[in-house]
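Heads up, the thing below is written out as structure tokens.
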Amino acid sequence: MVIEEEVIDRGPEWRAFNAAERDSKSRVGAPTTQTMHDKGLTTTIDWKNKDAYGRSLSSDKRSQMNRLRKWQERIRTKDAGERNLQFALSETDRMASALGVPRSVREVASVLYRRALDEDLIRGRSIEGVATSTLYAACRMEGIPRSLDEVAAVSRVNRMEIGRTYRYISQELGLEMEPVNPKKYVPRFCSELDLPEEVQAKANEIIDTTAEQGMLSGKSPTGYAAAAIYASALLCNEKKTQKEVADVAQVTEVTIRNRYQEQISAMGLPN
Numbered sequence: 001m002v003i004e005e006e007v008i009d010r011g012p013e014w015r016a017f018n019a020a021e022r023d024s025k026s027r028v029g030a031p032t033t034q035t036m037h038d039k040g041l042t043t044t045i046d047w048k049n050k051d052a053y054g055r056s057l058s059s060d061k062r063s064q065m066n067r068l069r070k071w072q073e074r075i076r077t078k079d080a081g082e083r084n085l086q087f088a089l090s091e092t093d094r095m096a097s098a099l100g101v102p103r104s105v106r107e108v109a110s111v112l113y114r115r116a117l118d119e120d121l122i123r124g125r126s127i128e129g130v131a132t133s134t135l136y137a138a139c140r141m142e143g144i145p146r147s148l149d150e151v152a153a154v155s156r157v158n159r160m161e162i163g164r165t166y167r168y169i170s171q172e173l174g175l176e177m178e179p180v181n182p183k184k185y186v187p188r189f190c191s192e193l194d195l196p197e198e199v200q201a202k203a204n205e206i207i208d209t210t211a212e213q214g215m216l217s218g219k220s221p222t223g224y225a226a227a228a229i230y231a232s233a234l235l236c237n238e239k240k241t242q243k244e245v246a247d248v249a250q251v252t253e254v255t256i257r258n259r260y261q262e263q264i265s266a267m268g269l270p271n
């Protein structure tokens, strides 16, 4: 079935091969985004004190532009609710940058925070706590998991509050969260430990084999992944100490030892 003929191309009519060309040819502003409280539909006054021809402004003009900038910042938020949203989204952006997660995660986190705000779930809870929990949820939804400890490390609230708020928000917003697959952590941990592809592949094999035997239930995914990497490194003669692996995964050496013993027994390998 022909759905549509002569599909309209909504992209620009020009081509650009680098960022400089794109900036010089583009005739519109940045796209709308959920990561800004006004969705990016505001005007900004440039901080360069120069006119359209690149000439420096006079002292009178400079002071006038400073006053305009100050009022521009003030009128961007019309009430306390918008100021709180602006603060929450800037916190989300700061934490996302520290965690090194892509733009899509920031967008999802911002949408979740706006939903929580619309349904009045913020009342009685700290703005930072809700912002952090929505970012944690967005990471899981986008398949780029970060552990609670990693998120708590860049947040201004403690791990317990993040976990409590996350459970409340996910329940109230009806977010169906699947348990995190330990394999999601393996590439990042192996990269930080400077381990080769061979170790990564063997660690994934260990996780798959032991998961089929029902050993994943009730276990921390980060600890499980760390133990699989430790076991895999030993099998591939790429020796790493339990402390090195534990530091990267932010788990204890005891956790790694316990999971390692279970995985080795399940695989039928000599201890």
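full-length UniProt numbering puts the first residue of the sequence shown at 1, with every later residue one more than the last. All residues carry an ideal CB built from backbone N, CA and C; glycine is no exception.
To the nearest angstrom, how far is it from the Cα of residue i to the Cα of residue j?
i, j, result
"A20", "R259", "51 Å"
"S59", "L112", "46 Å"
"L175", "R123", "20 Å"
"K243", "E253", "6 Å"
"S220", "R188", "16 Å"
"residue 320", "K240", "Here the chain has residues from 1 to 271 only, and residue 320 is not among them."
"E212", "M267", "11 Å"
"R76", "I264", "59 Å"
"A88", "Q261", "43 Å"
"W14", "R22", "9 Å"
"K70", "W47", "11 Å"
"S191", "G214", "28 Å"
"C236", "E198", "7 Å"
"T42", "R83", "15 Å"
"S118", "G218", "Note that residue 118 is Asp in the sequence shown, not Ser. Going by the C-alpha atoms only, they are around 34 Å apart."
"K25", "G11", "13 Å"
"I256", "S232", "13 Å"
Determine the extent of the alpha helix (DSSP H) in which residue i is found, giving its start and end residues.
i, result
"R236", "The displayed chain sequence assigns Cys, not Arg, to residue 236. Run containing C236: none; DSSP gives neither H nor E here."
"V130", "I127 to M141"
"D23", "A19 to K25"
"T209", "E197 to E212"
"D93", "A80 to L99"
"S56", "It is not in any alpha helix (DSSP H) - S56 carries neither H nor E in the DSSP assignment."
"N49", "No alpha helix (DSSP H) holds N49; DSSP gives it neither H nor E."
"R259", "E253 to M267"
If you run the structure through DSSP and keep just helix, strand and coil, what is residue i?
i, result
"K219", "coil"
"S63", "helix"
"S191", "helix"
"residue 312", "What the structure shows of the chain is the stretch from 1 to 271, and residue 312 is not part of that stretch, so it cannot be assessed."
"K184", "helix"
"S104", "helix"
"K243", "helix"
"K39", "coil"
"V7", "coil"
"L173", "coil"
"W14", "coil"
"Q34", "coil"
"M160", "helix"
"D120", "coil"
Give the C-beta separation of residue i and residue j to the nearest angstrom, bearing in mind that I take them to be a contact with Cβ-Cβ under 8 Å.
i, j, result
"R130", "A116", "For the record, residue 130 in the displayed sequence is Val; it is not Arg. So it is a contact: roughly 6 Å between Cβ atoms."
"L99", "R146", "5 Å"
"V151", "I162", "6 Å"
"R106", "T35", "5 Å"
"I229", "A201", "11 Å between Cβ atoms; not a contact."
"T132", "V108", "That belief does not hold up - the Cβ atoms of T132 and V108 are roughly 14 Å apart, past 8 Å."
"L193", "V248", "6 Å"
"E142", "P196", "About 27 Å separates the two Cβ atoms, so there is no contact after all."
"N49", "S56", "6 Å"
"Q72", "H37", "14 Å between Cβ atoms; not a contact."
"M95", "L121", "About 19 Å; that fails the 8 Å criterion."
"V101", "I144", "6 Å"
(message) Would you call the stretch 177-190 in contact with the stretch 204-224, where contact means no fewer than 3 C-beta pairs closer than 8 Å?
(response) Because the criterion of three Cβ pairs below 8 Å is met, the stretch 177-190 and the stretch 204-224 touch.
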